[in-house]
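A short write-up of the structure that comes next.
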Amino acid sequence: MVYNLGAGAADDVRWNTRTTVPTLATSAPIRALAARRGWDIEAWLFNDGARTALEAAEGRWRPAIAALAFAPGVVSSIRESAARFESEILPHELAVKTRQKYLAQRQGVLTWAVWKGCLPQLLPMTDELLRAYIWDSLAFETSVSVLKHTIGAIKAWHRRLGMPAPVDRPGDYRRLVISLARFQPCPRLLKVPIHAAAVRQLLLLPLPPHPPCAGVIPPRPRGRWVRCPTCWAFLHRWFDCLAGATGTIICSRCKELGLMTTCDMWWNYDELAGFLQFAGGAAFNIGIRKNDQFRTGHQPRVGVPKDPRLDLIAQLRECFRLLGTAGPFPGCIKAGAGRAVNYSTRCNACPPAFPRRIKKGQEFDLSRPASSEEVSAMIVRGMQHVGFDTTFFSGISARKGGLSTAIEAGVPEHILWMQSGHAQDVAARRYVQLNSPALLYRTYEAFGL
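Letter by letter, the sequence shown follows residues -19 to 429 of my numbering.
Set out below in structure tokens:
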């Protein structure tokens, strides 16, 4: 590989340590080789992994478009306008994280092409070249799932460039995947769901007995906290448990909980809409979900339990009060349900509903949302707090538990998909608007709280 890159390349070679197939960490050595040989491979080297200006705007697209538009009075050419569309709009056919992963996969294919000496012939990639790449990748114990992702990256990039993609004839891709899976079944990590009994325990977390105290009170004007150490530690554990209970009941992904702000919890939402039988319930606004390509958002429901000790809504509101994050805060774009705003836009004025931890877990960080990994850690810690062995628990246990419990309780699948944001019956769901939210509460009622 280094020999093919040419003299002096050894000093510039850095390897990506997170890939199974040997992959250069940067494209600089490949660019230098292509420049020396006069090969045009810029199409492969183009980096589309960065967030576009419209993605960075997080739903505030009007000012973003205004900043990107040509200056007033300038009449752009057809080519200029089309080029602006291709650079700012077309990348959105794939989510930014998908583009970043695909970029890493393309880098691996480029590294392989340098090793095989076929870099100039890489575009368009033929079926023969793809089969050769897969065969060589198997020598590095590359799994079927990784190979499928690489093939997806190659095909997506060919389509982006308007070139014929490999294994693109009807049935080609299916036959290829079946051939690989016959001898290498896809392993699945054993992760157990959080079922209804565990949710009950999460909602019954006891405060350790300790001498009378002032509790946890929101900060004074100068930023000082009046807090009891026992209550403060309990508040941290409480948030962990509520993250697990909330994620399970609303069947959410960890990323969705991390991005949720306190103003995304709409108390008494259906009561305000005239459904008095759901007084005390709440809608939890999830601005955008993985399969929500049209950014319509989802609002799963949480109801009122028979046992007041199991009231998730009351516990969340009390936690927000103690932490001083109840809001609404000045500048909130979602204060007051029913306002004509884009609810898929994240509010920057209100703090995260489930804040990340800093200073070795001793403090809450309200300045930015928690990552998927941090929310997953909260959920696992919550299970630890109520006495579970967490060997087989992770953040996905919450979503698995919510879906499993609802299915077992007989919640209709098409209603459950509306709650969970899955892709089944996508076209039909766009036309469905329920006359009453009663069915949406079936997922909550499945827990029997």
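Built from N, CA and C at the ideal position, the CB exists for glycine as well. The structure displayed is predicted, hence computed values, not measured ones.
For residue i, three-class secondary structure by DSSP
i           : result
residue 245 : strand
residue 19  : coil
residue 318 : Low local confidence applies: a pLDDT of 48 at residue 318 is under 50, so the model's placement there is unreliable, and no value is given.
residue 79  : helix
residue 335 : coil
residue 31  : coil
residue 207 : strand
residue 179 : helix
residue 422 : helix
residue 54  : coil
residue 191 : coil
residue 376 : helix
residue 38  : coil
residue 269 : coil
residue 96  : helix
residue 222 : helix
residue 217 : helix
residue 370 : helix
residue 313 : coil
residue -11 : helix
residue 307 : coil
residue 91  : helix
residue 427 : coil
residue 9   : helix
residue 106 : coil
residue -18 : helix
residue 287 : coil
residue 71  : helix
residue 408 : Confidence at residue 408 is low in this model, with a pLDDT of 42, below 50, so its placement is unreliable and the value that follows should be read with caution. If DSSP states are grouped into helix, strand and coil, residue 408 belongs with the helices.
residue 250 : helix
residue 230 : coil
residue 114 : helix
Endpoints, the beta strand (DSSP E) within which residue i is located
i           : result
residue 345 : 343 to 345
Closest residue to residue i among the options (Cα-Cα distance)
i           : options            : result
residue 73  : 140, 39, 95, 232   : 140
residue 328 : 314, 336, 334      : 314
residue 25  : 189, 14, 33        : 14
residue 239 : 92, 32, 101, 348   : 348
residue 324 : 268, 82, 305, 52   : 268
residue 416 : 283, 339, 142, 250 : 250
residue 49  : 40, 35, 36, 65     : 65
residue 367 : 252, 182, 397, 285 : 182
residue 379 : 365, 355, 392      : 355
residue 445 : 46, 44, 131        : Nothing can be reported for residue 445, as the shown portion of the chain is limited to -19 through 429.
residue 359 : -4, 288, 218, 119  : 218
residue 342 : 384, 209, 256, 115 : 209
residue 126 : 147, 155, 161      : 161
residue 399 : 12, 59, 280        : 280
Presumed contact (8 Å Cβ cut-off) between residue i and residue j, rounded CB distance
i           : j           : result
residue 220 : residue 361 : 4 Å
residue 375 : residue 234 : 4 Å
residue 175 : residue 381 : 5 Å
residue 100 : residue 138 : About 16 Å; that fails the 8 Å criterion.
residue 377 : residue 171 : 6 Å
residue 102 : residue 93  : 5 Å
residue 122 : residue 71  : Between residue 71 and residue 122 the Cβ distance is about 27 Å, and since that is not below 8 Å, they are no contact.
residue 1   : residue 120 : 5 Å
residue -5  : residue 5   : 6 Å
residue 237 : residue 228 : At roughly 11 Å, the Cβ-Cβ gap does not stay under 8 Å, so residue 237 and residue 228 are not in contact.
residue 277 : residue 293 : With 8 Å as the limit, residue 277 and residue 293 do not qualify as a contact, their Cβ atoms being about 20 Å apart.
residue -3  : residue 88  : Not confirmed; about 13 Å, so no contact.
residue 51  : residue 44  : Actually they are not in contact, since the Cβ atoms of residue 51 and residue 44 sit about 16 Å apart, beyond 8 Å.
residue 285 : residue 184 : 11 Å between Cβ atoms; not a contact.
residue 290 : residue 422 : So it is not a contact: roughly 17 Å between Cβ atoms.
residue 107 : residue 147 : 6 Å
Range covered by the alpha helix (DSSP H) that runs through residue i
i           : result
residue 65  : 58 to 68
residue 362 : 352 to 365
residue -5  : Taken as a continuous stretch (DSSP letters only), residue -5 belongs to no alpha helix (DSSP H), as it is neither H nor E.
residue 153 : 152 to 163
residue 42  : 41 to 48
residue 134 : 124 to 140
residue 299 : 292 to 303
residue 328 : Careful: residue 328 lies outside any alpha helix (DSSP H) and carries neither H nor E.
residue 399 : 393 to 400
residue 236 : 234 to 239
residue 121 : First-last for residue 121: undefined, no H or E at that position.
Per DSSP, the bridge partner or partners of residue i
i           : result
residue 264 : 245
residue 4   : -5
residue 348 : Answer is none; residue 348 lacks a bridge partner.
residue 281 : 263
residue 196 : 207
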